[in-house]
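If you read the sequence shown in my numbering, its first letter stands for residue 1, the second for the next number, and so on.
Okay, so here's the structure we're looking at.
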Amino acid sequence: MAARSQDLGDARWDDIRIFLALHRHGSLGQAGVRLGLDTSTVSRRLTALEATLGARLFDRTREGLVPTRVAELVLPAAEAMEAAHRRLARDASGAETDAEGVVRLSVAPGFADSFVVPTLVRLRARHPGIRIELDASVRVLDLTRREADLALRSVRPEGADLVATKLASGRWVAAASAELARDAGRVEAWDALPWITWDRDLASFPPALWLARHAPGAEIALRTSFFRSQITAAELGLGAVLVPEPYLRVHALTPLGFAGALEASAAEWPTDHLWLVGHRALRDVPRVSAVWSFLVEELRSR
C-alpha cells in the first residue's frame, strides 16, 4: 500500500494541488478558500485522489484533517510535482518577447490609492499591451508561489528566489488639515490635539505605539484600520494624524509645527522603507520587466 501511494504517476495535477492545500491548511474549507473552490469540490477531488492511490490520505477529526502516514510518504513527491509545475510556468513566461499580457501587482491599500493608481494612465500610454491586476488588500501575497508577479512592500522579504530594490525611505510625520494646523500653532504638547489613529487590532503598529507613548491623554477622534480613511478624516479637519512624509505631497495635509521641547519625541517618529519585489525567474520576462522599470522610474523620486 505504501509503495503504491508514493507513485503519483496516475494522479491529476489538480488533485495534487488540492492534496497540498489540505496538508498545509488542515481543513476542506480553508483549502477551498485558498484554491477558489467550494468545499464539496475539494472533498470530491480528495476522494478521487485517494481512490487513484488506493490509500486514505487524511483522517477526518473534529479538529480538522490529520495527515495519515501515507500522506506523509507522498508529500515529497507532491511537492516535487508542484515545483516542476512552477518551473514549467516560469519557462513558458520567459519565452515572451513582447511587453504584453497581465502583470499582477500587490500593494497596500493606502499606497495603492495615493501613488500607484495615479500612474496607471502613463503606464498604459507607454505599454498599451500590458494589463494590471492590482491587489490592494492588506493580505501579504506569496511571490514564490506566484500569487503575484510584483509587490511593493515596506519590509524586504527573505527568499533566495526573490529580487528586490529599495525605492525610497522616509519617516512618518504629524500632520493635519491646513485649518487645524493653523489653529494649533506651535504645538506645546501632543495630547493637546485630537488624533486619528489605528484601531486596537493594530495597536502594535509603530505609529500607534508612538501616539500611545507620547500622547497617552489625547482625545482620539477616530480609530480605523483603513489608512485612506485616516487621511480623508485628517484632510477634513477631524484631527491630527501620523503619515509617511511623501503623502504630504499628494494630500491636503500640513505638517504640524511644534515646540522645541517636543523635538526628542518627534525624533522617534517611525521610519518606513519602500521595496519593489519580484520573483527572480520572472525578472526578465518583458511584461514584468517593463512594469518593474516603470515603477522604479515613477516611485523612486517619491
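Heads up, the beta-carbon is just placed ideally off N, CA and C, and yes, glycines get one too.
Since this is a predicted model, take the numbers as computed values, not measurements.
query: So which of Gln230, Ala80, Asp142 and Val66 has the shortest CA-CA distance to Ala252?
result: As a working note, residue 252 is residue 252 in the sequence shown. The residue with the shortest Cα to Cα distance from Ala252 is Gln230.
field: Nearest residue (CA-CA) to Phe58, options Leu49, Ala51, Ala71 and Arg12
entry: By 1-based counting over the sequence shown, the position of residue 58 is 58. Per the Cα distances, Ala71.
message: Report the start-end ranges of each beta strand (DSSP E) in the region 56–132 that is 3 residues or longer and not cut off at the edges.
response: Within the region 56–132, the complete beta strand (DSSP E) runs of at least 3 residues are 58–61, 64–67 and 101–106.
- request: Give, in chain order, every unbroken run of the beta strand (DSSP E) that is at least 3 residues long and sits entirely within the region 16–62.
  value: Taking only runs of at least 3 residues, the beta strand (DSSP E) segments lying wholly in the region 16–62 are 58–61.
task: Can you grab the Cα-Cα spacing for the pair Glu245 / Arg69, in whole Å?
output: Taking the first residue of the sequence shown as position 1, residue 245 is located at position 245. Taking the first residue of the sequence shown as position 1, residue 69 is located at position 69. Cα to Cα, the separation comes out at about 54 Å.
query: What is the residue span of the alpha helix (DSSP H) that Arg213 lies within?
result: Position 213 of the sequence shown, counting from 1, holds the residue named residue 213. Counting along the chain, the alpha helix (DSSP H) containing Arg213 begins and ends at Pro206 to His214.
message: Using a Cβ-Cβ cutoff of less than 7 Å, which residues in the same chain neighbour Pro76 once the five nearest sequence positions on both sides are dropped?
response: Taking the sequence shown and counting its residues from 1, the one referred to as residue 76 is at position 76. Once the five neighbours on either side are set aside, Pro76 has no close Cβ partner at all.
field: Cα-Cα separation between Ile132 and Leu105, rounded to whole angstroms
entry: Taking the sequence shown and counting its residues from 1, the one referred to as residue 132 is at position 132. Taking the sequence shown and counting its residues from 1, the one referred to as residue 105 is at position 105. Rounded to the nearest angstrom, the gap between the Cα atoms of Ile132 and Leu105 is 7 Å.
- prompt: Between the region 214–225 and the region 185–198, do three or more beta carbon pairs fall short of 8 Å?
  reply: Look at the beta carbons and you see the region 214–225 touching the region 185–198: at least three pairs across the two are nearer than 8 Å.
- request: Starting from the C-beta of Leu323, find all residues in its chain whose C-beta is less than 8 Å away, skip the five residues before and the five after it, and write them out in chain order.
  value: The displayed coordinates of the chain run from 1 to 302. Any statement about residue 323 would go beyond what the structure contains.
task: Compare the beta carbon distance of Leu143 and Leu162 with 7 Å and say whether it is the shorter of the two.
output: On the sequence shown, position 143 is the one that residue 143 refers to. On the sequence shown, position 162 is the one that residue 162 refers to. Yes.
task: Look up Val187 in the DSSP assignment and say whether it is helix, strand or coil.
output: For the purposes of this step, residue 187 is identified with residue 187 of the sequence shown, where counting begins at 1. Strand.
For Ala136, three-class secondary structure by DSSP: Here residue 136 is taken as the residue at index 136 of the sequence shown, counted from 1. When secondary structure is reduced to three states using DSSP, Ala136 falls in the coil class, being assigned neither helix nor strand.
query: Would Gly22 pass as a contact of Leu65 if the rule is Cβ separation under 7 Å?
result: Taking the first residue of the sequence shown as position 1, residue 22 is located at position 22. Taking the first residue of the sequence shown as position 1, residue 65 is located at position 65. In the sequence as displayed, the identity of residue 22 is Leu instead of Gly. Their beta carbons are under 7 Å apart, which means Leu22 touches Leu65 by this criterion.
message: To the nearest angstrom, how far is the alpha carbon of Trp275 from that of Ser204?
response: Here residue 275 corresponds to residue number 275 of the sequence shown, with the count starting at 1. Here residue 204 corresponds to residue number 204 of the sequence shown, with the count starting at 1. Between Trp275 and Ser204, the C-alpha separation is close to 22 Å.
message: Check this for me: beta carbons of His273 and Ser177, under 7 Å apart or not?
response: Here the question's residue 273 lines up with position 273 in the sequence shown. Here the question's residue 177 lines up with position 177 in the sequence shown. Going by C-beta atoms, His273 is not nearer than 7 Å to Ser177.
- request: Measuring alpha carbon to alpha carbon, tell me which of Ser114, Arg200 and Leu211 ends up nearest Glu298.
  value: For this step, residue 298 is matched to residue 298 along the sequence shown. Here the closest residue by C-alpha is Ser114.
- prompt: Where does the unbroken alpha helix (DSSP H) through Leu299 begin, and where does it stop?
  reply: Position 299 of the sequence shown, counted from the start, is the residue given in the question as residue 299. Pro286 to Leu299 is the extent of the alpha helix (DSSP H) around Leu299.
message: According to DSSP, is Ser265 part of a helix, a strand, or is it coil?
response: As a working note, residue 265 is residue 265 in the sequence shown. Of the three classes helix, strand and coil, the one that applies to Ser265 here is helix, per DSSP.
message: Once the 5 residues before and after Gly129 are set aside, which same chain residues still bring their CB inside 6 Å of it?
response: Taking the sequence shown and counting its residues from 1, the one referred to as residue 129 is at position 129. If we look at Gly129 and ignore the five residues flanking it on each side, its Cβ neighbours are Glu100.
- prompt: Given a threshold of 16 other Cβ atoms within 10 Å of its Cβ, counted over all protein chains shown, does Trp13 qualify as buried or as exposed?
  reply: Locating residue 13 in the sequence shown gives position 13, where the first residue counts as 1. Counting Cβ neighbours within 10 Å, Trp13 comes out exposed, since fewer than 16 surround it.
- prompt: Is the Cβ-Cβ distance between Arg45 and Ile16 less than 7 Å?
  reply: Taking the sequence shown and counting its residues from 1, one reaches residue 45 at position 45. Taking the sequence shown and counting its residues from 1, one reaches residue 16 at position 16. The answer is no: Cβ separation not under 7 Å.
message: Distance check for Arg228 and Asp201, CA to CA, integer angstroms please.
response: Locating residue 201 in the sequence shown gives position 201, where the first residue counts as 1. Locating residue 228 in the sequence shown gives position 228, where the first residue counts as 1. Cα to Cα, Asp201 sits roughly 17 Å from Arg228.
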